[in-house]
Structure formats: structure tokens, C-alpha cells
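Each residue of the sequence shown is one higher than the one before, starting from 1 at the first, in full-length UniProt numbering. Backbone N, C-alpha and C fix where the C-beta goes; we use that ideal spot for every residue, glycine too. Since we're looking at a predicted model, the values are computed, not measured. Report on the structure given below.
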Amino acid sequence: MAGCGTDCCRYSHLLKMVSSMPKTCLIAAMTLCGHIGPHTFASPEDRQHLEYWRDKSDASLMGAATLRDADPEMRGSGGILKANRIRAFISASGDIPFDGRRAFLHGPPPLIFTSEYLAEPLQKKAGSRAKVLIADTEDTGLNLKHVLEILKNKGVKTLLLEGGGGLNREALKQGVVDELLLTLCPVICGSSNAVPFVRKGRPLHETGHWRLAAHRTGKFGEIFLHYKKT
1 MAGCGTDCCR YSHLLKMVSS MPKTCLIAAM TLCGHIGPHT FASPEDRQHL
51 EYWRDKSDAS LMGAATLRDA DPEMRGSGGI LKANRIRAFI SASGDIPFDG
101 RRAFLHGPPP LIFTSEYLAE PLQKKAGSRA KVLIADTEDT GLNLKHVLEI
151 LKNKGVKTLL LEGGGGLNRE ALKQGVVDEL LLTLCPVICG SSNAVPFVRK
201 GRPLHETGHW RLAAHRTGKF GEIFLHYKKT
């Protein structure tokens, strides 16, 4: 044991860093056939459910494709945009629509995570409407553990991942999701342009096992499922 001082210190530092990372909850409403878009199909009750979890978290992170396809603001209950709650987007391509998007018109300026070579032109395009931050790259996207480290340094203890399918896939593949908050809606889509809960790609074999921590049936026939990683 006397010869493992350096390795033990390194291992201890790694454990401390992992344990101190923000708790990350992935939230999504999906059809019975496993799609999350392109159309809105969730009920007012699910909207309240989403706002409740926003109120309980310190930040939301959303993929740029969801921003491009919709016009999200990430408001909490009562339509409130808390001054101390972080709203963030992530984009490996730098394709962020700023003009006319409500997220950049109301509330504190959102954060945008992107790669190093895209950060400067994207910040110039954003102006004072957003703060662009550099994230390390990871295989097919951006390194979400680095994003979590940045958010932790900004005081975030609980992060809500709000999709879409591309961000969901990367988060599960990179192993950063601690809890799943899934709303199963009594709707079948079947559309050729339907957005899957997890974007298609290689099989995700290493996403771990999930324990059903809570469930309830809503008044509109939805089932609210809460899973925790084992």
C-alpha cells in the first residue's frame, strides 16, 4: 500500500470530482411508439409536471435542434423566468437561430456550449443575447462531462436535460444521466418525420440499468414514470 500514494490520490480526486457533479435528470414526454416530436401532444398536466421539475433544478440544458424546431423559453411554474436559474443550449454545429427567438428576448441571457473553433464567431453573432462557452469535443459531439464541470462551477447542483433526441442520445451514451423523468402519452404518431426519444445510431449497450422509483397515472391518461440509475 505504501507504493500507491500517487495513484490513490488520483483515484480519490476522481471519485470526489464524479460525486460532486450536478445530479442530471433527463425529462421527456413521448408517444406510445417512442417519439418526442415533431408535434406537441402532451397535456396541460404534463406541462405543469415539466415546470415543477424546472423549479426543482438549478439549470436546463437543451439541444440546438429543439431550439431550431420550436421556440422554447424554459419557464418555470407561473410563467416565471428566475433570475438565478440557468438556461443553456448546446450545439456542435454552431447553428443557433437568435433572431426572434423568445429565449433570447426574455429573462437572463442563456448560455450556449459549443466547440472551440465555433465559439468566437457564435459569440459575435449572439452579441449580448447569450454567453458562449467552450466545451471539449467527444467522439460524435461535445463532452457533456466537461459541460457539467462548467455548470458545477457556476453553482448548479441539479441539471434538467430537456432534449431533443440528439442530446438524449449523447447524454445516455456518455453516462451522465442519473434519473429519467418520462411521460408516456396515450398517442401514436407514426409520422415519417417523427423525432425519436433517442436519435438513431449505434446501439447503446452501456447505459446501465434503471430502477422505477415512482409512477402515477394522470387525469388525461398519461403515465408519469420516474427512474433512477442503479
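- A residue is called buried once 16 or more other Cβ atoms fall within 10 Å of its Cβ, and Ala83, having fewer, is exposed.
- By the C-beta density criterion, Leu159 is buried, having at least 16 other C-beta atoms within 10 angstroms.
- Here Asp58 is near Val156, since their CB atoms are less than 8 angstroms apart.
- Taking a contact as a CB-CB distance under 8 angstroms, the pair Leu204 and Leu26 does not count as one, their CB atoms being some 13 angstroms apart.
- With a cutoff of 8 angstroms on beta-carbon distance, Arg169 and Gly201 are scored as near each other.
- Bounds of the alpha helix (DSSP H) holding His146 are Leu144 to Asn153.
- Taking 8 angstroms as the cut-off, the beta carbon of Ala88 is found no closer than this to the beta carbon of Ser115.
- Cβ-Cβ separation between Phe104 and Ala130: approximately 6 angstroms, consistent with a contact (criterion under 8 angstroms).
- A direct Cα-Cα distance of roughly 44 angstroms separates Lys125 from Leu212.
- The Cβ neighbour count for Cys33, taken over all protein chains shown within 10 Å, is under 16; the residue is labelled exposed.
- Between His226 and His209, the C-beta gap is not smaller than 8 angstroms, which leaves the two residues out of contact.
- A direct Cα-Cα distance of roughly 46 angstroms separates Tyr117 from Gly218.
- Annotation for Leu161: the continuous beta strand (DSSP E) segment containing it runs Thr158 to Leu161.
- Per DSSP, the unbroken alpha helix (DSSP H) holding Ala119 starts and ends at Glu116 to Ala126.
- Glu179 is a Cβ neighbour of Lys228, given a cutoff of 8 angstroms.
- In this structure, Ala29 lies near Thr183, with their beta-carbon atoms less than 8 angstroms apart.
- Under the DSSP assignment, Ala130 falls outside any beta strand (DSSP E); it carries neither an H nor an E label.
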